[in-house]
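As numbered in the numbering used here, residues 4 to 422 make up the sequence shown, in order.
Ideal Cβ positions, reconstructed from N, Cα and C, are used throughout, including at glycine.
Remember, it's a predicted structure, so these values are computed and weren't measured experimentally.
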Amino acid sequence: MSSLKAISVKEAGELKGTIEIQGSKNTVLPVMAATLLTSGISVIYNCPMIEDVQVMCRLLECLHVKTSLAEHTLTIDTREASYEPLPYSLTKRLRSSVLLLGSMLARWHKAELGMPGGCAIGLRPIDIHLEGLVKMNVDVNLHKEILSCETYYLQGCEYHLRFPSVGATENLLMAAVGAKGRTILRGAAKEPEIIELCNYLVSMGALIEGIGTDVLIIKGTKELVSSDYHNVYDRIVAGTYLLMAAAVPSDIKMTGIEDIHYLKNIIQTASKLGVNVIKFDRYLSIQSLGKVAAGDFETGIYPEFPTDLQPVLMTVLAKAVQDSSVTETVFENRFAIVKELEKLNARIQVKEQKALIKGNIKLQGHTVKATDLRQGAALVVAGLISKGYTTITDISYIERGYEDIVRDLHCLGVDIAYV
Ligand code: EPZ
């Protein structure tokens, strides 16, 4: 990752053009972990060419898995996979490194890995992952930053997640597929990424009931076969550009979205802000006058408004004529955007989990710093509505999840460049 690169963006008078939405980061990462459950070759199409995927490939390679990524097609060959501990130097670069826990335990009955890293958006413990695994007959030891897990055999169980954690649900699903007997996960996450993972596991021969609900019933099986996967579009990247359109007069065609089902909650919010979205056969038409309607918003678990888009929403609301509020209910510390938006002249007051955003303020270009993926993307959006030029530094965070935000905004006529 290049920590020196920055992006310079000029205030935009309009957004006009066609933008192609990349494949989903948060879907492909667990699917990559799931390939370990079989011995064979799996091809993943529409794979985003992003830093997090590269790191996941390096992690799989530590396990003697062969990976090759070219032109959005990722090939994973697990035929010669063999057990190794995963070093902290790699696991700390990616939150999803922890997702290898479930599939390693299913394949080798043991897993030793450094604690996961990822974006600093809160405490991000993994207690729910581990509590579920303990219920499945796993011994867990944490020494400094190294997590060691071992099981004589994975035993199906009934487990109620105290919070519908996306990662814990994914990890426990993968472990349950390789467990003896039946596992019932209650209070499971229902995010599109979980539905996609379940469908992928089913395509490998897994037996899962309740897909799309908060009760997942998994029957362990040894008969899995490798399977290919066509990745869905990235709903958070699409959502970034949908919300962005609220703040600048826009006439955008968005392609790569085969089905808007996973995007409905985001479209609803964009509509409230003043964006008009129409689905055509081959694209979404996105139009707005660039006048943001103020409102009170709240993040939540799917199908509510996603926490990942909260920084973009806050940014856009700085342009509303009246005051607005955004309440964050998923992460306890996800307001890193506020400090940077204030450098651009925004007025935001945070009281516990609620941010009050003063409307009718003209933002001024300045140098701001990306400190996590979505906050970084939101700062690029902020640059579009700030007078003059805005420079966003530390953009390696953005590269973790957006293939090329500069390319995308170029397609809409924005004056934007790497500097
Ligand atoms: C996934 O993270 C996403 N990451 C995140 O997107 C997203 O913000 C998050 O889900 C919520 O939608 C990936 O899919 C790779 P969680 P995850 O476990 O699985 C608490 C992005 O920008 N919790 O659902 O790590 C936790 O602290 C990223 O693309 C526990 O208390 O999220 C948080 O408050 C950022 N104990 C809440 O649950 C646990 O064991 C939700 O976390 C696990 C989680």
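- prompt: Between Q352, F283, K346, D311, which lies nearest to T2 when the distance is taken from Cα to Cα?
  reply: The question about residue 2 has no answer here: the residues shown for the chain are numbered 4 through 422.
task: Could you spell out where the alpha helix (DSSP H) holding V422 opens and where it closes?
output: For the purposes of this step, residue 422 is taken as residue 419 along the sequence shown, with counting starting at 1. Segment: none, V422 is in no alpha helix (DSSP H) and carries neither H nor E.
message: Given the structure, does L246 come close to the ligand EPZ, in the sense that its CB is under 8 Å from one of the ligand's heavy atoms?
response: The sequence position of residue 246 within the sequence shown is 243, counting from 1. Result no, Cβ not under 8 Å from the ligand EPZ.
message: In the DSSP output, what is M257 paired with across the bridge?
response: To locate residue 257, count along the sequence shown from 1; it is residue 254. For M257, which the question treats as bridged, DSSP gives the partners I22, L287.
field: Residues that L97 bridges to, as DSSP identifies them
entry: Stepping through the sequence shown from its first residue, residue 97 is reached at position 94. Beta-bridge pairing links L97 to no other residue.
query: What is the rounded straight-line gap between the Cα of V228 and the Cα of I79?
result: The residue given as residue 228 occupies position 225 in the sequence shown. The residue given as residue 79 occupies position 76 in the sequence shown. Those two C-alpha atoms are separated by around 13 Å.
message: Assuming V251 and A15 are in contact, meaning their beta carbons sit under 8 Å apart, how far apart are those beta carbons, in whole angstroms?
response: Numbered from its first residue, the sequence shown carries residue 251 at position 248. Numbered from its first residue, the sequence shown carries residue 15 at position 12. With 8 Å as the limit, V251 and A15 qualify as a contact, their Cβ atoms being about 5 Å apart.
field: Which residues DSSP lists as bridging Y392, in chain order
entry: If you number the sequence shown from 1, residue 392 lands on position 389. For Y392, which the question treats as bridged, DSSP gives the partners K13.
- prompt: Are there 16 or more other CB atoms within 10 angstroms of the CB of V324, so buried, or fewer, so exposed?
  reply: Working through the sequence shown from its first residue, we reach residue 324 at position 321. Exposed is the call here.
- request: Could you tell me if S6 is buried or exposed, where buried requires 16 or more neighbouring beta carbons within 10 angstroms of its beta carbon?
  value: If you number the sequence shown from 1, residue 6 lands on position 3. Per-residue confidence for S6 stands at a pLDDT of 48, beneath the threshold of 50, marking its modelled position as unreliable; no derived number is given.
Distance CB(E194)-CB(Y162) smaller than 9 Å: Within the sequence shown, numbered from 1, the residue matching residue 194 stands at position 191. Within the sequence shown, numbered from 1, the residue matching residue 162 stands at position 159. By the CB criterion at 9 Å, E194 and Y162 fall outside the cutoff.
- prompt: Is the beta carbon of K193 within less than 8 Å of some heavy atom of the ligand EPZ?
  reply: Taking the first residue of the sequence shown as 1, we reach residue 193 at position 190. Judged by the Cβ position, K193 fails to qualify as a neighbour of the ligand EPZ at the 8 Å threshold, every heavy atom of the ligand being at least this far.
- request: Go ahead and label V218 buried or exposed: buried means 16 or more other beta carbons lie within 10 angstroms of its beta carbon, across all protein chains shown.
  value: Sequence index remark: in the sequence shown, residue 218 carries index 215 (1-based). It is exposed - the Cβ of V218 has fewer than 16 other Cβ atoms within 10 Å.
query: Just checking, does the region 34 to 46 make contact with the region 266 to 278 on the three C-beta pairs under 8 Å criterion?
result: no
- request: Please go through the same chain and pick out, in chain order, the residues whose beta-carbon is closer than 8 Å to the beta-carbon of L22, but skip the five residues on each side of it.
  value: Sequence index remark: in the sequence shown, residue 22 carries index 19 (1-based). Sequence inspection shows Ile at residue 22; the Leu mentioned does not correspond to that position. Within the same chain, I22 has close Cβ partners Y244, I255, K256, M257, T258, D411, C414, L415.
Nearest to H233 (by Cα), restricted to the options T216, A241, G215, E199: Taking the sequence shown and counting its residues from 1, one reaches residue 233 at position 230. Minimum Cα distance to H233 is reached at E199.
task: Indicate the three-state DSSP secondary structure (helix, strand or coil) for S5 in the structure shown.
output: Along the sequence shown, read from residue 1 onward, the residue named residue 5 stands at position 2. Residue placement at S5 is poorly supported in this model, since its pLDDT is 48, which falls under 50; the coordinates are not used for a value here.
message: Considering only their Cβ atoms, is the gap separating I211 from E1 smaller than 9 Å?
response: Nothing can be reported for residue 1, as the shown portion of the chain is limited to 4 through 422.
field: CB contact flag (G362, S327, <9 Å)
entry: Taking the first residue of the sequence shown as 1, we reach residue 362 at position 359. Taking the first residue of the sequence shown as 1, we reach residue 327 at position 324. Against a cut-off of 9 Å, the Cβ pair of S327 and G362 comes out as a contact.
task: Answer yes or no: the CB of H369 versus the heavy atoms of the ligand EPZ, is any distance below 8 Å?
output: For the purposes of this step, residue 369 is taken as the residue at position 366 of the sequence shown. Distances between the C-beta of H369 and the heavy atoms of the ligand EPZ are all 8 Å or more.
query: For N234, which of helix, strand or coil comes out of DSSP?
result: The residue labelled residue 234 in the question sits at position 231 within the sequence shown. It is coil, neither helix nor strand.
query: Do you know offhand how far L366's Cα is from I401's?
result: Working through the sequence shown from its first residue, we reach residue 366 at position 363. Working through the sequence shown from its first residue, we reach residue 401 at position 398. Each residue's alpha carbon lies about 22 Å from the other.
query: Do you know offhand how far L344's Cα is from L382's?
result: Taking the first residue of the sequence shown as position 1, residue 344 is located at position 341. Taking the first residue of the sequence shown as position 1, residue 382 is located at position 379. In this structure, the CA atom of L344 is about 8 Å from the CA atom of L382.
query: Near L66, what residues of its chain come up, given a Cβ to Cβ distance below 6 Å and the 5 sequence neighbours on each side ignored?
result: The sequence position of residue 66 within the sequence shown is 63, counting from 1. Hits under 6 Å: A84, E87.
- request: Please name the residue in I53, D142, L63 whose C-alpha comes closest to that of A73.
  value: For the purposes of this step, residue 73 is taken as residue 70 along the sequence shown, with counting starting at 1. The candidate whose alpha carbon is nearest that of A73 is I53.
query: Is the beta carbon of G105 within less than 8 Å of some heavy atom of the ligand EPZ?
result: Here the question's residue 105 lines up with position 102 in the sequence shown. No, the Cβ of G105 stays beyond 8 Å of every heavy atom of the ligand EPZ.
- prompt: Under the three-state reduction of DSSP, which class applies to N461: helix, strand or coil?
  reply: Coverage of the chain is limited to positions 4 through 422, which leaves residue 461 absent and any answer about it impossible.
message: Tell me the rounded alpha-carbon separation between M317 and I340.
response: By 1-based counting over the sequence shown, the position of residue 317 is 314. By 1-based counting over the sequence shown, the position of residue 340 is 337. The alpha-carbon atoms of M317 and I340 are separated by roughly 8 Å.
query: Touching or not, the region 55 to 71 and the region 235 to 242, by the rule of three or more beta carbon pairs under 8 Å?
result: no
- request: List the DSSP bridge partners of E115.
  value: Looking up residue 115 in the sequence shown gives position 112. Looking at the DSSP assignment, E115 forms a beta bridge with S151.
task: Rounded to whole angstroms, what's the CA-CA distance from T370 to Q378? Just pull it up for me.
output: Numbered from 1 along the sequence shown, position 367 holds the residue referred to as residue 370. Numbered from 1 along the sequence shown, position 375 holds the residue referred to as residue 378. Cα to Cα, the separation comes out at about 14 Å.
Option nearest S11 by Cα separation, candidates G404, Y405, R403, I398: Your numbering for residue 11 matches position 8 in the sequence shown. Between S11 and the set G404, Y405, R403, I398, the nearest pair of CA atoms involves I398.
task: State the DSSP-derived secondary structure class of S71, mapped to helix, strand or coil.
output: Along the sequence shown, read from residue 1 onward, the residue named residue 71 stands at position 68. Of the three classes helix, strand and coil, the one that applies to S71 here is strand, per DSSP.
Collapsed DSSP secondary structure at T370 in the structure displayed: For the purposes of this step, residue 370 is identified with residue 367 of the sequence shown, where counting begins at 1. It is a strand residue.
query: Hey, I24 and D237 are a contact pair by Cβ (cut 8 Å); roughly how many whole angstroms apart?
result: Counting from 1 along the sequence shown, the entry for residue 24 is found at position 21. Counting from 1 along the sequence shown, the entry for residue 237 is found at position 234. Correct: roughly 6 Å between the Cβ atoms.
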